[in-house]
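So the protein sequences, as listed, match chains A and B.
Numbers given in the numbering used here equal positions in the first sequence, counted from 1, plus 443.
Numbers given in the numbering used here equal positions in the second sequence, counted from 1, plus 443.
Right, one structure below, let's go through it.
2 protein chains.
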Amino acid sequence: MSGYAPSEAARRSGFSLDTLRYYEKIGLLADVERTAGGQRVFTDDDLGWLVLFRCLRDTGMPIAQMRRYAQLAREGEHTVAERRELLHHHAVRVEEQMRLLQRQYDHLREKIRFYERLPAPVPAAGQPAGIGPAVSR
Amino acid sequence: MSGYAPSEAARRSGFSLDTLRYYEKIGLLADVERTAGGQRVFTDDDLGWLVLFRCLRDTGMPIAQMRRYAQLAREGEHTVAERRELLHHHAVRVEEQMRLLQRQYDHLREKIRFYERLPAPVPAAGQPAGIGPAVSR
DNA sequence: CTCCAACCTGGAGCGCACTCCAGGTCAAGC
DNA sequence: GCTTGACCTGGAGTGCGCTCCAGGTTGGAG
Numbered sequence: 444m445s446g447y448a449p450s451e452a453a454r455r456s457g458f459s460l461d462t463l464r465y466y467e468k469i470g471l472l473a474d475v476e477r478t479a480g481g482q483r484v485f486t487d488d489d490l491g492w493l494v495l496f497r498c499l500r501d502t503g504m505p506i507a508q509m510r511r512y513a514q515l516a517r518e519g520e521h522t523v524a525e526r527r528e529l530l531h532h533h534a535v536r537v538e539e540q541m542r543l544l545q546r547q548y549d550h551l552r553e554k555i556r557f558y559e560r561l562p563a564p565v566p567a568a569g570q571p572a573g574i575g576p577a578v579s580r
Numbered sequence: 444m445s446g447y448a449p450s451e452a453a454r455r456s457g458f459s460l461d462t463l464r465y466y467e468k469i470g471l472l473a474d475v476e477r478t479a480g481g482q483r484v485f486t487d488d489d490l491g492w493l494v495l496f497r498c499l500r501d502t503g504m505p506i507a508q509m510r511r512y513a514q515l516a517r518e519g520e521h522t523v524a525e526r527r528e529l530l531h532h533h534a535v536r537v538e539e540q541m542r543l544l545q546r547q548y549d550h551l552r553e554k555i556r557f558y559e560r561l562p563a564p565v566p567a568a569g570q571p572a573g574i575g576p577a578v579s580r
């Protein structure tokens, strides 16, 4: 039910072995268990953390902030409000990010449409300026 | 109608002066006009390019690819198909990016809801595991 | 018991996209 | 004509998030 070798944890989380070690080194993952010989053993709990880190990372949270969150969680229940705050704040920024991405995507699509409306490679000159820099540039 | 000082171009494009110079240095912007004394004068055309670069950058296109695009555009009309291809390819990746972002955002929202459902700081123990690592972590 | 693939550590290196700096030049207002 | 703030150049430095490396250890299969 739990106890994954490093390679297995890497496979399941989608992070590289180096990244897993790195995350532990900088204090994102703390207290990862070890065998008598010193090799890491990841628990389901660790895997859960990794899923969260992936979510936060994919949505653009800087590592420093993830660290802060992990810190707070380790400090105990009295940090619940601050953790909620932190996630909420991040969510707001993600929403902005999504809006920007959508806007620029629309922009990009328009630009592509401009190219698609262009007649096939005809050496003619002078169509009305499309979207973007100068004619067809 | 055209001819902007560097600071004005920076203001309008939202890029820093250093970034404008950098973009020129690496060949994103080419042939920026100069005064007799050597100071840059940006045209509306340059501004148009900058708008495009902002769009591409905001959607995560690496600079190397933007350079390639700018290159092609400078080579002339016979590269139109390749440019369209390049933008189209990028658009596909942006779509993936948007889907991922949406998925992880939903994930994040669920996590936040978990915190919101948490009763106020009550020292009780043992609620069913929420989303993410262990209980409330 | 032996082998070898997987693992360990500390630390250096990398790729990206800027950003900053020193030391000098330009040009618009007084 | 002098001042001063905006601008110039080449090149070094920064911050982020890994990624790679050397040299050594571990542990399950045969």
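The C-beta atom is built at its ideal place from N, Cα and C for all residues, glycine as well.
N-terminal and C-terminal residue of the alpha helix (DSSP H) that Gln540 of chain B is part of = Position 97 of the second sequence holds residue 540 of chain B. Residues 523 to 560.
Do you know how far the Cα of Thr462 of chain B is from the Cα of Ser445 of chain B?
-> Along the second sequence, read from residue 1 onward, the residue named residue 445 of chain B stands at position 2. Along the second sequence, read from residue 1 onward, the residue named residue 462 of chain B stands at position 19. Rounded to the nearest angstrom, the two C-alpha atoms are 21 Å apart.
Which term fits Asp489 of chain B, buried or exposed, when burial requires 16 or more other beta carbons within 10 angstroms of its beta carbon?
-> The count along the second sequence starts at 1 and reaches residue 489 of chain B at position 46. It counts as buried.
In three-state terms, what does DSSP make of Val475 of chain B?
-> By one-based count along the second sequence, residue 475 of chain B stands at place 32. Looking at Val475 of chain B - three-state DSSP - the assignment turns out to be coil, as it is neither helix nor strand.
Which partner residues does Arg483 of chain B have in the DSSP bridge list?
-> For the purposes of this step, residue 483 of chain B is taken as residue 40 along the second sequence, with counting starting at 1. In DSSP, Arg483 of chain B forms a bridge with B:Arg477.
Using a Cβ-Cβ cut-off of 7 Å, state whether Ala534 of chain B counts as contacting chain A.
-> Here residue 534 of chain B refers to the residue found at position 91 of the second sequence. By this cut-off, Ala534 of chain B is an interface position.
By how many angstroms is the C-alpha of Leu530 of chain A removed from the C-alpha of Asp501 of chain A?
-> For this step, residue 501 of chain A is matched to residue 58 along the first sequence. For this step, residue 530 of chain A is matched to residue 87 along the first sequence. Looking at the two C-alpha atoms, the distance is approximately 14 Å.
Contacts of Thr502 of chain B in chain A (Cβ-Cβ under 8 Å) | Here the question's residue 502 of chain B lines up with position 59 in the second sequence. Per Cβ cutoff of 8 Å: Leu544, Gln547, Tyr548, Leu551.
What separation, rounded to the nearest whole angstrom, lies between the Cα atoms of Arg478 of chain B and His550 of chain B?
-> Here residue 478 of chain B refers to the residue found at position 35 when the second sequence is read from its first residue. Here residue 550 of chain B refers to the residue found at position 107 when the second sequence is read from its first residue. Position check: residue 478 of chain B holds Thr in this sequence, whereas Arg was assumed. Their Cα atoms are separated by approximately 54 Å.
By Cβ distance, which residues of its chain are closer than 8 Å to His533 of chain B, with the 5 residues on each side in sequence left out?
-> Against the second sequence, residue 533 of chain B aligns to sequence position 90. Taken in chain order, the residues that qualify are Leu499, Thr502, Met504, Gln508.
Hey, could you find the ends of the alpha helix (DSSP H) Ile401 of chain B is sitting in?
-> Residue 401 of chain B lies beyond the residue range present for chain B, which begins at 444 and ends at 580; the question has no answer from this structure.
Name, in chain order, the residues that DSSP records as bridge partners for Tyr387 of chain B.
-> Because chain B is modelled from 444 through 580, residue 387 of chain B falls outside the range shown and cannot be assessed.
Limits of the unbroken alpha helix (DSSP H) element including Ala462 of chain B = On the second sequence, position 19 is the one that residue 462 of chain B refers to. Note that residue 462 of chain B is Thr in the sequence shown, not Ala. Start and end: 460 to 468.
Give the residues of chain A in contact with Ile555 of chain B, contact being defined as C-beta atoms less than 7 Å apart.
-> Stepping through the second sequence from its first residue, residue 555 of chain B is reached at position 112. Residues of chain A passing the Cβ test: Arg527, Leu530, His531, Ala534.
With distances taken between CB atoms, is the gap from Met541 of chain B to Leu460 of chain A smaller than 7 Å?
-> Along the second sequence, read from residue 1 onward, the residue named residue 541 of chain B stands at position 98. Along the first sequence, read from residue 1 onward, the residue named residue 460 of chain A stands at position 17. No, the Cβ-Cβ distance between Met541 of chain B and Leu460 of chain A is not below 7 Å.
Chain A within 7 Å of Val578 of chain B, Cβ atoms only | To locate residue 578 of chain B, count along the second sequence from 1; it is residue 135. Caution applies to Val578 of chain B, whose pLDDT of 49 falls short of 50 and renders its modelled position unreliable; the value that the coordinates give is listed next. Judged by the 7 Å Cβ criterion, Val578 of chain B is not in contact with chain A.
Would Met541 of chain B count as contacting chain A if we go by Cβ distances under 7 Å?
-> Mapped onto the second sequence, residue 541 of chain B falls at position 98. Cβ-Cβ to chain A under 7 Å: yes for Met541 of chain B.
Determine whether the Cβ of Val484 of chain B lies closer than 7 Å to any Cβ atom of chain A.
-> The residue you call residue 484 of chain B lines up with position 41 of the second sequence. So, not an interface residue.
Out of B:Gly480, B:Gln482, B:Gly481, B:Arg517, point me to the one whose CA is closest to Trp492 of chain B's CA.
-> Taking the first residue of the second sequence as 1, we reach residue 492 of chain B at position 49. Considering only alpha carbons, the answer is B:Arg517.
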